Amino acid sequence: MIPALPDPTALASAVSARDRLALAQALNLLDDRRPAARQCAAAFLDALPAEKLDTGGHLIGITGPPGAGKSSLTAALIQVWRRRGLKVAILAVDPSSPISGGALLGDRLRMHASGADREVFIRSLACRGEFGGLSAEVWPMSLAMLAAFDIVLVETVGVGQKEIDVSKMTDTTCFVAQPASGDSIQFLKAGIMEIPHVIVVNKEDIGMAARKTLSELKNTLRRQMDPEGWQVPALSASAALGSGIEQLADALNSHRDWLLARGQFNARRQRCQAEWLVKHLREEFGRYGIGLLGGEDALFVTLTEAPRRSPIAEYEALRARVIQEIKTKG
35 MIPALPDPTA
45 LASAVSARDR
55 LALAQALNLL
65 DDRRPAARQC
75 AAAFLDALPA
85 EKLDTGGHLI
95 GITGPPGAGK
105 SSLTAALIQV
115 WRRRGLKVAI
125 LAVDPSSPIS
135 GGALLGDRLR
145 MHASGADREV
155 FIRSLACRGE
165 FGGLSAEVWP
175 MSLAMLAAFD
185 IVLVETVGVG
195 QKEIDVSKMT
205 DTTCFVAQPA
215 SGDSIQFLKA
225 GIMEIPHVIV
235 VNKEDIGMAA
245 RKTLSELKNT
255 LRRQMDPEGW
265 QVPALSASAA
275 LGSGIEQLAD
285 ALNSHRDWLL
295 ARGQFNARRQ
305 RCQAEWLVKH
315 LREEFGRYGI
325 GLLGGEDALF
335 VTLTEAPRRS
345 PIAEYEALRA
355 RVIQEIKTKG
């Protein structure tokens with residue numbers, strides 16, 4: 035039996051009050067592909083408090099190659115944020131099961147130390163084979179979590195050079211480098227990571243290899259600058275020893291303060307939503323479909339300047355326009 039859809043306004047109110055069961059229900063709703071559920075999900079997102087979605091909380095992406103220790107660092111950061119009185123939600127994007135399509139790593143048992151804390155919420159989500167390291171639902175789910183938590187951290191799967199979407203759909207991106215691995219240096223030199231806002235070399239406890247990688251990263255960063263003018267810090271930490279985690283949390287928060295001080299925070303959120311919309315329109319209709327809406331550049335400008343609305347409602351409206359244009363030209 036298919037469960038009844040919730041009242042979107044009541045659900046938004048419960049999520050904003052940090053009702054964990056309501057948030058779990060909301061995330062399930064956002065993952066539901068039925069047309070009626072999509073309409074309900076759009077109404078739910080529109081009912082969330084605008085101030086929380088525009089300038090509330092801090093949406094952080096953490097990325098890096100497999101084995102760099104992203105989950106271990108995430109667990110260490112959770113402990114620091116909780117000591118500071120912040121409420122934390124984690125959206126962990128896992129590799130998909132080839133059989134069920136679901137997340138293979140479940141609820142990240144390696145983060146179990148925070149599992150008993152009612153002010154920490156962890157949700158796993160399958161990437162479902164999408165390039166870019168993220169699942170289609172990450173942006174809408176991030177908005178729901180931002181309505182309820184101070185920190186929302188998106189941890190991506192380790193898929194190497196294609197793992198760039200997280201930098202376009204979060205306020206602040208942290209790249210975790212693996213000591214003694216040339217991949218991190220090559221990614222940055224090639225501009226593939228689009229220069230994250232904070233870089234951290236994990237496993238500093240292994241000694242010389244970590245220090246060498248940190249030195250190489252700093253030399254690379256001296257020759258590059260974040261397009262927005264932010265000076266990217268390169269830090270070292272050890273999730274195993276708990277060293278450098280406070281400094282990492284400070285660096286992440288400094289980027290948020292920097293965006294706010296320059297009046298760029300809300301604009302960045304607008305760009306994140308525009309990136310999400312354009313990406314999924316391109317995936318469904320290709321460049322031809324985007325061209326029917328005036329082209330990618332023009333569409334991006336329109337979306338970043340338009341008043342904020344539910345990304346699902348916006349997507350369905352744009353999708354309907356493309357279909358209508360195709361029918362007209364056909």
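Whatever position you read off the sequence shown (first residue = 1), add 34 for this note's numbering.
Positions of the beta carbon are idealized from the N, C-alpha and C atoms, including for glycine.
These numbers come from a predicted model, not from an experiment.
Next item on the list: Could you tell me if E85 is buried or exposed, where buried requires 16 or more neighbouring beta carbons within 10 angstroms of its beta carbon?
Entry: Walking along the sequence shown from the start, residue 85 turns up at place 51. Exposed.
Notebook entry, point to check: Based on Cα-Cα distance, which residue from T338, S344, A332, F319 lies nearest to Q358?
Noted result: The residue you call residue 358 lines up with position 324 of the sequence shown. That would be F319, whose Cα lies nearest to the Cα of Q358.
Next item on the list: Return helix, strand or coil for S272, following the three-state DSSP convention.
Entry: For the purposes of this step, residue 272 is identified with residue 238 of the sequence shown, where counting begins at 1. In the three-state scheme derived from DSSP, where H, G and I count as helix and E and B as strand, S272 is classed as strand.
Margin query: I need the straight-line Cα distance from G136 to V127, nearest angstrom please.
Written below: On the sequence shown, residue 136 is found 102 positions in, with the first residue counted as 1. On the sequence shown, residue 127 is found 93 positions in, with the first residue counted as 1. Confidence is the limiting factor: at G136 the pLDDT is only 39, short of 50, which leaves the residue's position unreliable and the question unanswerable from this model.
Checklist line | the region 64–78 / the region 87–94 touching (three or more Cβ pairs under 8 Å) | finding: No, they do not touch.
Notebook entry, point to check: So, is R246 buried or exposed, given that buried needs 16 or more other C-beta atoms within 10 angstroms?
Noted result: To locate residue 246, count along the sequence shown from 1; it is residue 212. Looking at the sequence shown, residue 246 is not Arg but Lys. So K246 counts as exposed.
Note to self: Assess contact between the region 328–339 and the region 299–312, defined as three or more Cβ pairs (one per stretch) separated by less than 8 Å. Is contact present?
What the structure shows: In this structure the region 328–339 lies against the region 299–312, because at least three pairs of beta carbons, one per stretch, are closer than 8 Å.
Notebook entry, point to check: Given 8 Å as the limit, is there contact between the region 265–284 and the region 95–112, that is, 3 or more CB pairs closer than that?
Noted result: Between the region 265–284 and the region 95–112 there are three or more inter-stretch CB-CB distances shorter than 8 Å, so the stretches are counted as touching.
Notebook entry, point to check: Buried or exposed: which applies to S130, given that a residue is buried once 16 or more other Cβ atoms fall within 10 Å of its Cβ?
Noted result: Numbered from 1 along the sequence shown, position 96 holds the residue referred to as residue 130. With a pLDDT of 43 at S130, under the threshold of 50, the modelled position of that residue is not reliable, and the figure given next carries that caveat. With 16 or more Cβ atoms within 10 Å of its Cβ, S130 is classed as buried.
Item checked: Same chain, Cβ closer than 6 Å to V356, neighbours up to 5 away in sequence not counted -> For the purposes of this step, residue 356 is taken as residue 322 along the sequence shown, with counting starting at 1. Counting only Cβ-Cβ distances below 6 Å, and skipping sequence neighbours, we find F319, G323, L326.
Margin query: With a threshold of 7 Å on Cβ separation, who are the neighbours of S134 within its own chain once the five nearest residues in sequence on each side are excluded?
Written below: The residue labelled residue 134 in the question sits at position 100 within the sequence shown. Caution applies to S134, whose pLDDT of 38 falls short of 50 and renders its modelled position unreliable; the value that the coordinates give is listed next. Same-chain partners within the cutoff: there are none.
Margin query: Please list the terminal residues of the continuous beta strand (DSSP E) segment that includes L187.
Written below: Against the sequence shown, residue 187 aligns to sequence position 153. 185–189 is the extent of the beta strand (DSSP E) around L187.
Next item on the list: Return the CA-CA distance between L275 and E153, expressed in angstroms with no decimal places.
Entry: Translated into the one-based positions of the sequence shown, residue 275 becomes position 241. Translated into the one-based positions of the sequence shown, residue 153 becomes position 119. Put simply, the backbone Cα of L275 is about 24 Å away from that of E153.
Next item on the list: Confirm, please, whether the CB-CB distance from L45 to A56 is below 8 Å.
Entry: Here residue 56 corresponds to residue number 22 of the sequence shown, with the count starting at 1. Here residue 45 corresponds to residue number 11 of the sequence shown, with the count starting at 1. Against a cut-off of 8 Å, the Cβ pair of L45 and A56 comes out as a contact.
Check: Taking DSSP as the reference, what is the three-state secondary structure of G328?
Finding: Counting from 1 along the sequence shown, the entry for residue 328 is found at position 294. Under the three-state reduction of DSSP output, G328 falls in the coil class, being neither helix nor strand.
Notebook entry, point to check: Taking buried to mean at least 16 other C-beta atoms within 10 Å of its own C-beta, is N253 buried or exposed?
Noted result: Here residue 253 is taken as the residue at index 219 of the sequence shown, counted from 1. N253 should be labelled exposed.
Notebook entry, point to check: Leaving out the 5 sequence neighbours to the left and right, which residues in its chain are closer than 8 Å to R343 when beta-carbon positions are compared?
Noted result: Translated into the one-based positions of the sequence shown, residue 343 becomes position 309. So the list reads D80, once near-sequence residues are dropped.
Checklist line | Environment of D199 [buried if 16+ CB atoms lie within 10 Å] | finding: As a first step, residue 199 is located in the sequence shown; it is residue number 165 there, counting from the start. The residue in question, D199, is buried, as its Cβ has 16 or more Cβ neighbours within 10 Å.
Item checked: Counted within 10 angstroms of its Cβ, other Cβ atoms place K363 as buried (16 or more) or exposed -> Taking the sequence shown and counting its residues from 1, the one referred to as residue 363 is at position 329. Note on K363: under 16 other CB atoms within 10 angstroms of its CB, so exposed under the neighbour-count rule.
Next item on the list: Grab me the residues of A60's own chain with a C-beta within less than 7 Å of its C-beta, minus the 5 sequence neighbours each way, in chain order.
Entry: As a working mapping, residue 60 is identified with position 26 in the sequence shown. In its chain, beyond the 5 residues on either side, L45, V49, F78, A178 have a beta carbon closer than 7 Å to the beta carbon of A60.
Next item on the list: Within 10 angstroms of the Cβ of K104, are there 16 or more other Cβ atoms? Answer buried if so, exposed if not.
Entry: Translated into positions along the sequence shown, residue 104 becomes position 70. By the neighbour-count rule (16 or more Cβ atoms within 10 Å), K104 is buried.
Next item on the list: Could you tell me whether the Cβ atoms of R54 and F155 are closer together than 8 Å?
Entry: Position 20 of the sequence shown, counted from the first residue, corresponds to residue 54. Position 121 of the sequence shown, counted from the first residue, corresponds to residue 155. Contact flag set, yes.
Note to self: Give me the residue from A182, A181, S158 with the minimum Cα distance to E171.
What the structure shows: The residue given as residue 171 occupies position 137 in the sequence shown. Closest by alpha carbon: S158.
Item checked: Same chain only: Cβ atoms within 7 Å of D65, ignoring 5 sequence neighbours per side -> The sequence position of residue 65 within the sequence shown is 31, counting from 1. So the qualifying residues of the chain are E171.
Item checked: Exposure label - K361; buried when at least 16 CB within 10 Å -> Counting from 1 along the sequence shown, the entry for residue 361 is found at position 327. For K361, the number of other beta carbons within 10 angstroms of its own is below 16, and it is reported as exposed.
Check: Taking all protein chains shown into account, do 16 or more other C-beta atoms lie within 10 angstroms of the C-beta of M175, making it buried, or fewer, making it exposed?
Finding: Mapped onto the sequence shown, residue 175 falls at position 141. Buried.
Check: Distance, Cα to Cα, R162 vs C306?
Finding: Reading the sequence shown from its first residue, position 128 is the one you call residue 162. Reading the sequence shown from its first residue, position 272 is the one you call residue 306. In this prediction, R162 scores a pLDDT of 47, lower than 50, which makes its location untrustworthy; the coordinate-derived value is nonetheless stated afterwards. R162 and C306: Cα-Cα distance of roughly 21 Å.
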